[in-house]
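All remarks here apply to the structure that follows.
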Amino acid sequence: MIECPSMYELMACPHFKWSDTPLLQVWKEIVDDDGNISSKLESYRPSESISIMVDALSSNK
1 MIECPSMYEL MACPHFKWSD TPLLQVWKEI VDDDGNISSK LESYRPSESI
51 SIMVDALSSN K
């Protein structure tokens, strides 16, 4: 779930020449075969984050 007043505030321009490239970081819940729950922090570069945003907003009507 992503909650933010403006989703576009989280997006970094993929074509900008960043001195330090910003990352979109997302905690994902993982459930193993035994039902144990853990979390994993995944990081995405600006060019990769576009598909994450599209997926997150796909059910938003």
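Taking full-length UniProt numbering, the leading residue of the sequence shown gets 1, the next gets one more, and so forth.
For every residue, glycine included, the Cβ atom is placed at its ideal position computed from N, Cα and C.
All values reported here derive from a predicted model rather than from experimental measurement.
Approximately 6 Å separates the beta-carbon atoms of Leu24 and Leu10; this is inside 8 Å, confirming the contact. Assignment of Leu23 by DSSP, reduced to helix, strand and coil, places it in the coil class. For Leu57, the uninterrupted alpha helix (DSSP H) run begins and ends at 46-57, by DSSP.
Straight-line spacing of the CA atoms in His15 and Val31 works out to 36 Å. Straight-line measurement puts the Cα of Trp27 at about 10 Å from the Cα of Ser38.
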